[in-house]
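Before any comments, here is the structure.
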Amino acid sequence: LSPDGRLLVTGSWDQSAKLWDAATGAAVRKLDGVHKGYINSVQFSPDGKQVLTASDDRTARLWDAASRKPTEQTFSGHEGRVRQARFNADGSKIVTSSNDKTARVWNAETGAEELVLPGHDWAVLSGEFSRDGKRIITGGEDNIAIIWDATTGEILLKLAGHTDSVTAVALSPDGTRALTGS
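The following block contains the structure:
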């Protein structure tokens, strides 16, 4: 959902994303022609001006929401499909999660890779920043979640106990609790 609540974005296995009018349900724009694999996740930037897509083609991309065109920023470097990509709260950084057993942190403006987060034994399925941007939580097919220092990449805590893949993760707004879904 866009920050103003007017648009929805969906990703598809047809290698495109679509913007929809939230009030009418009508398709407004199609974002396509760039990814060469399924689109696994989509998200509006915090200001609503861009859409972030993550794909099986091992990349994440930024799109201009108004023009429907991809921006210059391509986040590439993963050696496996990118399962999810998420902005931090101010939109300056992006975390990507991949089948290559890593999460990566990128500068959203320049596209530069800032951190590689190795630590999972299997694919990393999800990742999110804390609201203050100081931590990242990831979840993987190895049945664990990891909390990381978002500046240094240091592992702060491993959360174990699930008996299957951790497919969704979040940190509470005050950063004192983690939520994992499996």
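Count along the sequence shown starting at 1, add 1, and that's the number in my numbering.
Note that the Cβ used here is the ideal one computed from N, Cα and C, for glycine as well.
Residue j beta carbon less than 8 Å from that of residue i
i	j	result
Ser127	Val170	yes
Ala23	Leu2	yes
Gly49	Gln16	no
Ser99	Gly81	yes
Ala66	Gln51	yes
Residue i versus residue j - alpha carbon distance
i	j	result
Leu172	Val96	14 Å
Ile145	Leu32	34 Å
Asn41	His79	15 Å
Leu180	Ala161	12 Å
Arg132	Val35	31 Å
Glu114	Leu63	15 Å
Gly154	Ser68	35 Å
Gly120	Asp101	11 Å
Ser46	Asp165	31 Å
Gly92	Ala86	12 Å
Leu1	Leu158	This structure cannot speak to residue 1, because the chain is shown only from 2 to 183.
Residue environment, residue i, which counts as buried when at least 16 other CB atoms sit within 10 Å
i	result
Gly26	exposed
Leu8	buried
Trp149	buried
Thr177	exposed
Beta-ladder partner(s) of residue i, from DSSP
i	result
Val96	Arg87, Val106
Gly182	Ala169
Supposed contact pair residue j and residue i - C-beta distance, whole angstroms, cut 8 Å
i	j	result
Ala109	Val125	Contact doesn't hold; Cβ gap of about 19 Å is too wide.
Val167	Gly141	6 Å
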